[in-house]
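FYI, UniProt numbering numbers position 9 of the sequence shown as 9, with every residue one higher than the one before it. Even glycine gets a Cβ: it sits at the ideal position worked out from N, Cα and C. Computed from a prediction, not measured in an experiment: that's the story for all the values here. To start, the structure itself, in structure tokens.
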Amino acid sequence: MHLLVAREEPAPSGVQLDHVLAALDTLTAQVVVDLAPDLVGTAVPHLDRLFVVVPASDHALRAASRRVAAWHLPTGTDEAVLRGRGPVGPADVREVLHVPVAGRFKDSSRALVPLLDVRRGGADALSRRIVEAWEQER
1 MHLLVAREEP APSGVQLDHV LAALDTLTAQ VVVDLAPDLV GTAVPHLDRL
51 FVVVPASDHA LRAASRRVAA WHLPTGTDEA VLRGRGPVGP ADVREVLHVP
101 VAGRFKDSSR ALVPLLDVRR GGADALSRRI VEAWEQER
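Set out below in structure tokens:
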């Protein structure tokens, strides 16, 4: 598995991202890319799966609905991940976005190191479950 991140550098342009993802298409490993919403359209031809992280609020769910509709994703390639506590639950996300919910995670407190905090239901624990599911699919 490879993780593609910009680090401290500015995010790539759409053209740069397209070239990088095209080069990575030849890999047999999983490549995970953290995408800004405006880069998803460029990445769509290269995606096997897209996880849309949705904060658990009505406003965020409406915004995610507009974005997902604008991206014109192939059927069955996107899933949602629900972030944090709030009035929106997995059933709401499934109803509005018409996609399965891969899971939900709680935001870690600032005192915790999220990547080391695998027992409290944070993003790291959910990521681990998603990766294990990918491995079983292969």
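| message | Let me check one thing: in DSSP terms, what residues is residue 82 bridge-paired to? | response | Answer is 54, 104.
| request: Using beta-carbon positions only, say whether residue 78 and residue 99 come within less than 7 angstroms of one another. | output: It is a contact, given that the beta carbons lie within the stated cut-off.
| Separation of residue 68 from residue 75, as counted between CA atoms | Whole-angstrom Cα-Cα distance: 11 angstroms.
| query | Among 92, 44, 9, 84, which has the Cα closest to the Cα of residue 19? | reply | Measuring from the Cα of residue 19, the nearest candidate turns out to be 44.
| task | Answer yes or no: do residue 101 and residue 94 have a C-beta to C-beta separation smaller than 7 angstroms? | result | Contact flag set, yes.
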